[in-house]
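>
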Amino acid sequence: MSKLYKELANCIRFLSIDAVQKANSGHPGMPMGMADVVTVLFKDFLNFNPNNPSWINRDRFVLSAGHGSMLLYSLLYLTGYKSISLKDIKNFRQLDSICAGHPEYHPNSGIETTTGPLGQGISNAVGFAISEEILKNRMGKKKINHKTYVLAGDGCLMEGISHEALSLAGHLKLKNIILLFDNNSISIDGPTSLAVSDNHEKRFKSYGWNYLKINGHNHKEISKALNKAQKSKKPIAISCKTTIGYGSPNKGGKASSHGSPLGEDEIKLVRKKLCWNYKPFEIPNELLNEWRKIGKKAEQKSNKKNKNKKIFNNSNFSSYKNLIEKTKNDYVKNLKPLATRKTSEIFLDIVSKFPNLIGGSADLAGSNNTKTKNHKIIKPGNFSGNYIHYGVREHAMCGIMNGIALHSNLVPYGGTFLIFSDYCKPSIRLAAMMKQRVIYIFTHDSIGLGEDGPTHQPIEQLTSLRSIPNLNVFRPSDLIETFECWQLALESKNTPSVIALTRQGVNPIRMNNSSKNESSAGAYEVLRTGDNINFTIIATGSETSLASDVSHKLATEGIYSKLVSMPCHKLFDQQSEEYKNNILNETSLVVSIEASETSYWKKYTGSNGLNFGIDDFGKSAPYKEIYDHFELNLESISKKIKEKL
Ligand SMILES: Cc1ncc(C[n+]2csc(CCOP(=O)(O)OP(=O)(O)O)c2C)c(N)n1
């Protein structure tokens, strides 16, 4: 390794060691081990622009091994990003510092995505690479033509999501993705041989990847491999044999350097061993200048390559609004029961030609109704389409959708059964944290799916999703509400949305179409059976028509009520106190009906209210029988309300 490269890499090493030591927590081992590889990458290969971090044609660098966050912060500071100062690095892991424990996505900062849950970054990178191919196909190589680099460790590669994402990347022949494998054979518990004996080379090759093996501390080998990777016709992994905690005499190569400060005494020894005669956080001017030159050189390259910043037209959905309104108007003239997964398909039929929308499903296209006749499939090596068959890979699908949303202004939506949202949860949570517009179409949203039984019938899933901050969970009741919820999801630029939909047909609730989007308030009054009412009934999705039947039946017996449809709790919670009060506090008895876990509803009904739902696993049977089994029917609910009044 030439002296300059070594010294540049040592800047990353010592910033990382010093920051972790000052914070008294963090992960020094990985940045020390991978410093040589990323130095060559940033110096000689990566196209980026510290002065315009959002430059659309930049190469993306994703730190999937997010615990090594100091590696990324050091690189951004050293190359001259304004997002990270030396002061920020000194505040590593402190309240409100951009240098958080794990990298947290900030627009226009150089931190491309939030990582830390291992493996997520790999799936994000696959999403970046897919977006790049789609845009390149649409706009031409002169405007978009970049690589996505992802740094992943042993841990990332052990996680299930990596298997799903790498397999899909190989299948799609994503030749624009380069994975840098920090092959140090150490994780937290010790040597990786404790838990894994995969043949990485065979694994990658079986997915359709190229695979190179290098010494990750040898500048020439790193450079040669990265050169080869530029021309790869397949996705490519470079296995970099490295020493975790490189430079630490007592902790190098050992798990003890993975996730705790090295300690003052050991740091002294590292300084001595690597001939680093500078104080903590001190980067000598000549080395800082070298790093800044790297940033400047990259910036000039980026300016030459592309002066036009607005190359991707950020169109909106308004051009589809007329057609949406017309379809709703036609529907109310000819009302009939429809499954809401079907009404969602009718909506998608209208908007599927919208150029930004990229659809998909985890092998349930026909069940989720996510693929319309207008969709064109994205195929291996051919990215002219707008629909991705993700295969049975729910977790990767959601991680990839995060990458697609982060990359530019494509809007991804993907489907599976609501029950399998549990397979998606870690990525959904990150979409919410990163404020990304990702749309999840989760169908078969209750016991109403029938015979597939309790393994497929969601019970606690809605509650669990509703408890994620900044995630809108919609459960529309009929065609009009489905359209409204879809529109809200598309317009929510900073919030991901779940749209929970039925398998079974449901009766219409809204008999008229008004131009007002009623669902935007989260909950609203759909009907009332008298001026002076005895109780309030709140319902969502398929249970709204059951609630309507209850309301009408009891009215014939002189018991009056209002029906509130609540397609989105989160939006309702954001309304004014007055609005919420009018909805919830008109009567002392408030009743909820939802074929799902009931505890969540108590916050709206109070402990004195009635909650009709299911607090056990479902049943395998025709769906009407299951509703009867759980006493979710007209007679039973009406009787219990009367008893309560
Ligand atoms: C999904 C997930 N599980 C567990 C962890 C906790 N964790 C952080 S780092 C790590 C070990 C990672 O090993 P490796 O990728 O080899 O990193 P290195 O030891 O080389 O730094 C674990 C288990 C995590 N961050 N994410």
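Numbering (the working numbering), first residue to last: 110 to 754. The C-beta atom is built at its ideal place from N, Cα and C for all residues, glycine as well. Since the structure is predicted, the reported quantities are computational estimates derived from the model, not experimental observations.
Taking all protein chains shown into account, do 16 or more other C-beta atoms lie within 10 angstroms of the C-beta of Pro393, making it buried, or fewer, making it exposed?
If you number the sequence shown from 1, residue 393 lands on position 284. The residue in question, Pro393, is exposed, as its Cβ has fewer than 16 Cβ neighbours within 10 Å.
> Per DSSP, which one or two residues make a beta bridge with Pro521?
Counting from 1 along the sequence shown, the entry for residue 521 is found at position 412. BP columns for Pro521 point to Ile467.
> Assign Gln339 to one of two classes, buried (16 or more other C-beta atoms within 10 Å of its C-beta) or exposed (fewer than that).
The residue you call residue 339 lines up with position 230 of the sequence shown. Classification of Gln339: exposed, given that the 10 Å Cβ count is below 16.
> What residue range does the alpha helix (DSSP H) around Val379 cover?
Looking up residue 379 in the sequence shown gives position 270. Looking at the DSSP string, the run of the alpha helix (DSSP H) that includes Val379 is Glu373 to Lys382.
> Tell me which residues share the same chain as Leu636 and place their Cβ nearer than 8 Å to its Cβ, disregarding the 5 neighbours each side in the sequence.
Indexing the sequence shown from 1 puts residue 636 at position 527. Contacts found: Ser657, Ser660, Lys671 and Leu672.
> So, are the CB atoms of Ser461 and His484 less than 7 Å apart?
On the sequence shown, residue 461 is found 352 positions in, with the first residue counted as 1. On the sequence shown, residue 484 is found 375 positions in, with the first residue counted as 1. Yes, they are a contact pair.
> Determine the burial state of Lys343: buried for a count of at least 16 other Cβ atoms within 10 Å of its Cβ, exposed for fewer.
Residue 343 sits at position 234 when you count from the first residue of the sequence shown. Lys343 is buried by the Cβ-count criterion.
> Got a sec: does ligand 1 put a non-hydrogen atom nearer than 6 Å to the Cβ of Pro137?
Your numbering for residue 137 matches position 28 in the sequence shown. Flag unset: Cβ of Pro137 not near ligand 1.
> Mapping DSSP to helix, strand and coil, what is Asp153?
Taking the first residue of the sequence shown as 1, we reach residue 153 at position 44. Residue state, collapsed to three classes: helix.
> Who are the near neighbours of Asn621 in its chain, counting only those whose CB is closer than 8 Å to its CB and skipping five residues on each side?
Taking the sequence shown and counting its residues from 1, the one referred to as residue 621 is at position 512. The residues are Val441.
> Go ahead and pull the three-state DSSP assignment for Ala118.
Along the sequence shown, read from residue 1 onward, the residue named residue 118 stands at position 9. Helix, per DSSP.
> Would you say Ser411 and Trp164 are within 7 Å of each other, going by their C-beta atoms?
In the sequence shown, residue 411 corresponds to position 302, counting from 1. In the sequence shown, residue 164 corresponds to position 55, counting from 1. Yes, Cβ-Cβ distance for Ser411 and Trp164 is below 7 Å.
> Counting only runs of 3+ residues fully inside the segment 664–724, write out the beta strand (DSSP E) ranges in chain order.
With a minimum length of 3 residues, the continuous beta strand (DSSP E) runs that stay inside the segment 664–724 are 670–674, 698–702 and 719–721.
> Put Ile331 into one of helix, strand or coil per three-state DSSP.
The residue labelled residue 331 in the question sits at position 222 within the sequence shown. Three-state DSSP puts Ile331 in a helix.
> For the alpha helix (DSSP H) that contains Lys314, what are its first and last residues?
The sequence position of residue 314 within the sequence shown is 205, counting from 1. Lys314 -> alpha helix (DSSP H) spans His309 to Tyr316.
> For Lys112, which option in Val149, Asn478, Glu752 and Glu734 has the closest C-alpha, if you only look at C-alpha atoms?
Position 3 of the sequence shown, counted from the start, is the residue given in the question as residue 112. The option with the nearest alpha carbon to Lys112 is Val149.
> For ligand 1, I want to know if Pro216 counts as a neighbour, meaning its beta carbon is within less than 6 Å of at least one of the ligand's heavy atoms.
Indexing the sequence shown from 1 puts residue 216 at position 107. Flag unset: Cβ of Pro216 not near ligand 1.
> Measuring straight from C-alpha to C-alpha, what distance separates His738 and Thr649?
Position 629 of the sequence shown holds residue 738. Position 540 of the sequence shown holds residue 649. If I take the Cα positions, the gap works out to 20 Å.
> Exposed or buried, which one is Glu560 when buried takes at least 16 other CB atoms within 10 Å?
Here residue 560 refers to the residue found at position 451 of the sequence shown. Classification for Glu560: exposed.
> Sorry if obvious, but does the Cβ on Ser296 come closer than 6 Å to a heavy atom of ligand 1?
The count along the sequence shown starts at 1 and reaches residue 296 at position 187. Yes, Cβ of Ser296 sits closer than 6 Å to a heavy atom of ligand 1.
> Throw me the rounded Cβ distance for the Ser705 and Ile528 pair, which I believe falls under 8 Å.
Residue mapping note: residue 705 aligns to position 596 of the sequence shown, counting from 1. Residue mapping note: residue 528 aligns to position 419 of the sequence shown, counting from 1. About 12 Å separates the two Cβ atoms, so there is no contact after all.
> Which residue from Leu195, Val607 and Asp307 puts its Cα closest to that of Thr572?
Start at 1 with the first residue of the sequence shown, and residue 572 comes out as number 463. Closest option to Thr572, Cα to Cα, is Val607.
> Taking Ile702 as the reference, give the member of Glu687, Phe721, Asn694 and Asn690 with the closest Cα.
As a working note, residue 702 is residue 593 in the sequence shown. Here the closest residue by C-alpha is Phe721.
> Cβ atoms of Leu321 and Ile99: under 7 Å apart, would you say?
Examination of residue 99 is not possible in this model, given that the chain is present from 110 through 754 alone.
> Less than 6 Å between C-beta atoms, sequence neighbours within five positions excluded: which residues of the same chain meet that for Asn603?
Counting from 1 along the sequence shown, the entry for residue 603 is found at position 494. Counting only Cβ-Cβ distances below 6 Å, and skipping sequence neighbours, we find Lys544.
> Ser453 and Gly138 - do their beta-carbons sit closer together than 7 Å?
Within the sequence shown, residue 138 is the residue found at index 29, counting from 1. Within the sequence shown, residue 453 is the residue found at index 344, counting from 1. Taking 7 Å as the Cβ cut-off, Gly138 and Ser453 do not qualify as a contacting pair.
> Could you tell me how far apart the beta carbons of Met675 and Ser357 are, in whole angstroms, since I believe they sit closer than 8 Å?
In the sequence shown, residue 675 corresponds to position 566, counting from 1. In the sequence shown, residue 357 corresponds to position 248, counting from 1. With a Cβ gap of about 57 Å, Met675 and Ser357 do not count as contacting.
> Alpha carbon to alpha carbon, how far is Leu397 from Asp307? Give it in angstroms, no decimals.
Residue 307 sits at position 198 when you count from the first residue of the sequence shown. Residue 397 sits at position 288 when you count from the first residue of the sequence shown. Cα to Cα, the separation comes out at about 40 Å.
> Let me know the secondary structure DSSP gives Cys265 once reduced to three states.
Residue numbering aside, residue 265 sits at position 156 when the sequence shown is read from its first letter. Helix, per DSSP.
> Can you say whether Ile121 is buried or exposed, counting buried as having 16 or more other CB atoms within 10 angstroms of its CB?
Position 12 of the sequence shown, counted from the first residue, corresponds to residue 121. Ile121 should be labelled buried.
> Thinking C-alpha only, which one of Arg546, Thr611 and Gln613 is nearest Glu600?
Working through the sequence shown from its first residue, we reach residue 600 at position 491. Selected option, being the one with the closest Cα: Arg546.
> Does the beta-carbon distance from Phe201 to Ala132 come in below 7 Å?
Residue mapping note: residue 201 aligns to position 92 of the sequence shown, counting from 1. Residue mapping note: residue 132 aligns to position 23 of the sequence shown, counting from 1. Cβ atoms of Phe201 and Ala132: closer than 7 Å.
> Can you look up Ser348 in the DSSP assignment and give me helix, strand or coil?
Position 239 of the sequence shown, counting from 1, holds the residue named residue 348. Ser348: strand per DSSP, three-state reduction.
> When you compare the segment 256–265 with the segment 288–295, are there three or more beta-carbon pairs, one atom per stretch, that lie closer than 8 Å?
Output reads yes: the segment 288–295 touches the segment 256–265.
> Decide if Phe726 is buried, meaning its Cβ has at least 16 other Cβ atoms within 10 Å, or exposed.
On the sequence shown, residue 726 is found 617 positions in, with the first residue counted as 1. Under this definition Phe726 is an exposed residue.
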